[in-house]
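Reading through the structure tokens given below for one structure.
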């Protein structure tokens, strides 16, 4: 199939990268599948997820990935005595007003993508395929196979240089040949997995799928694939669209690929890498691509295990059409490979209201590009520590929480572990051991040693840090203790983003004057209508009430009006209570709301994530 970016010539190279990294099985996602050569090549070894934004190519991929061989067409042959290819090739069609291709893309429509005779044949076959399907003479897989075969066969008689951005002024010899429907070329296999084929925006799809291998082959150049293959889209859909212009392009609202402009391409790559829930990531790109290889590598390092990215280079000859780069005949195709760092860092601080459990949902709403991420009510720092950005700011108003997090981040983990274990041994702490626990508690209230507070938090009731009016720690002993899991969490508590800052301020006092509009503020306040203990004002600090809720929303409104992005975690409805302050605020400003059901291990609640932007619009 003559298609821009077709990877047929690269299949062995892709396979060599797969083998070099010992990838043998699992789910393989071909995110920008195009003509489907990659998925077809690997379909016997992997379960394939295939996706392409063009409807015509999703049909082609269905034909290749849903079949081991050419379908039997059992019912068709029973009725007509021949296979459908013989049937169609011998049938003569007469055009009428319903023949869309003839009336618009042949000389009859004042365009010469096809001769009138060939266009009539194309229309007749496409219309009859649909009728055969509706009459239950062919099934869905057979329908898709025939449409895919039609699309591929059409390209053999098109009066173009390969795309449909223009037609030739004079008839090419290929276009003058009589149209013949041939079965699409698919790899014959002995087995096939339960493959899935999508026709969606790639960045949106990645938020809904997961697997083992992600193969990314986006557009490299400014070519708009919607325009380049608009005729094939109309044949595939056969939806009689409104068309216009010299080439009869479809007038429907279609998104031009975000990968055809350098700035947009780079931030969309960032989004792909952030959202990819796959172990192995391969990126095909060109040394003549809009984004430089060095830029891609540096971006990939941020999401790779140990910042390790391999670059494979292969000689490649550019496919030429009227929009080709004209940079010369020789270029290199590169394949980037890295293992995605999928591990979620969990704070050693078991903090009430922690967002660890919904981190994946928060990640899904993150904008495509983040300059500075401000975890402005940071708590245990479960969100900000996992975010990849140019810079991360952690801010926490409560000094005790802040100082524990600061210590964990600034001190060597082995030193922290040694201090913790020494305190536990010295005080002979055990789960539910009230006497020894009180000894440590009294000692902390005298010394204010931050390590002793950290240990108290491990052993206290439900890990709740409570203080009296004198700011003395007064939480009772609980049924918790230090264990190997906590040791591991201390060791791994290192921010994904190397460049970070720590502040112990009220959210209102944080200096934001230096931040640009690609900054994102994340708010996780106490939930006004829940019964969490941190709302009650009995920990030595002011409780969270309607006045505090209103002040916070006023501040977030200020950020919104000044062009900043924000994410707010909260609860609008809980049990039989409603946060009317929050509900009215959201409704007034028409902010986006994502519902998350049944959050929390014991007292479940329906949380919401509120944003003033939609990542899709970027």
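Residue numbers (the working numbering): 95 to 712. Backbone N, C-alpha and C define an ideal beta-carbon position, used for all residues, glycine too.
Assignment of residue 404 by DSSP, reduced to helix, strand and coil, places it in the strand class. Residue 290 carries a strand assignment under DSSP once its states are collapsed to helix, strand and coil.
Of all C-beta pairs linking the segment 151 to 165 to the segment 123 to 134, three or more are shorter than 8 Å, placing the two stretches in contact.
Note on geometry: alpha-carbon atoms of residue 708 and residue 503 lie some 32 Å from one another.
For residue 311, the number of other beta carbons within 10 angstroms of its own is at least 16, and it is reported as buried. Annotation: the continuous alpha helix (DSSP H) that includes residue 369 extends over 356 to 369. DSSP, read as helix, strand or coil, puts residue 486 in strand. Closest by C-alpha distance to residue 187, out of 248, 194 and 216, is 216.
In its chain, beyond the 5 residues on either side, 314 have a beta carbon closer than 6 Å to the beta carbon of residue 383. Residue 150: member of the alpha helix (DSSP H) spanning 149 to 159, first to last residue.
Of the other Cβ atoms in all chains shown, 16 or more fall within 10 Å of the Cβ of residue 594; this residue is therefore buried. When DSSP states are grouped into helix, strand and coil, residue 600 belongs to the coil group. Residue range 305 to 310 is occupied by the beta strand (DSSP E) that includes residue 309, with no alpha helix (DSSP H) assigned at that position. Judged by beta-carbon spacing, residue 488 lies beyond the 9 Å limit of residue 652, meaning their Cβ atoms are not closer than that value. Within a 10 Å sphere around the beta-carbon of residue 356 sit fewer than 16 other beta-carbons, which makes this residue exposed. In this structure, the straight-line span from the alpha carbon of residue 168 to that of residue 219 is close to 19 Å. Among the bridge pairs identified by DSSP, residue 398 is matched with 434.
Assignment of residue 621 by DSSP, reduced to helix, strand and coil, places it in the coil class. Between the alpha carbons of residue 368 and residue 711 lies a gap of roughly 17 Å. Below 8 Å, too few C-beta pairs join the segment 248 to 268 and the segment 130 to 149 to call them touching: fewer than three. Each of 401, 276 and 535 was checked against the Cα of residue 555, and the nearest Cα belongs to 535. Within a 10 Å sphere around the beta-carbon of residue 495 sit 16 or more other beta-carbons, which makes this residue buried. Residue 196 sits in a helix when the DSSP states are folded into three classes. In this structure the segment 222 to 232 does not lie against the segment 254 to 269, because fewer than three pairs of beta carbons, one per stretch, are closer than 8 Å.
Looking at the DSSP output, residue 377 sits in a beta bridge with 310 and 430. Secondary structure note for residue 662: its beta strand (DSSP E) is the uninterrupted segment 659 to 664. Taking C-alpha positions only, residue 591 is separated from residue 505 by approximately 17 Å. Restricting attention to alpha helix (DSSP H) runs no shorter than 4 residues, the segment 311 to 348 encloses them at 319 to 322 and 324 to 331, ordered along the chain.
Inclusion of residue 151 and residue 323 in the CB contact set at 9 Å is warranted, their separation being smaller than that value.
Unbroken alpha helix (DSSP H) runs of no fewer than 4 residues, entirely contained in the segment 159 to 185, are found at 168 to 174 and 178 to 184, following chain order. In this structure, 184 is the residue among 184, 302 and 295 with its C-alpha nearest to the C-alpha of residue 274. Scanning its chain for C-beta atoms nearer than 7 Å, with the 5 sequence neighbours on each side dropped, one finds around residue 182 the residues 219 and 275, in chain order. Exposure of residue 166 is indicated by the presence of fewer than 16 other C-beta atoms within 10 angstroms of its C-beta.
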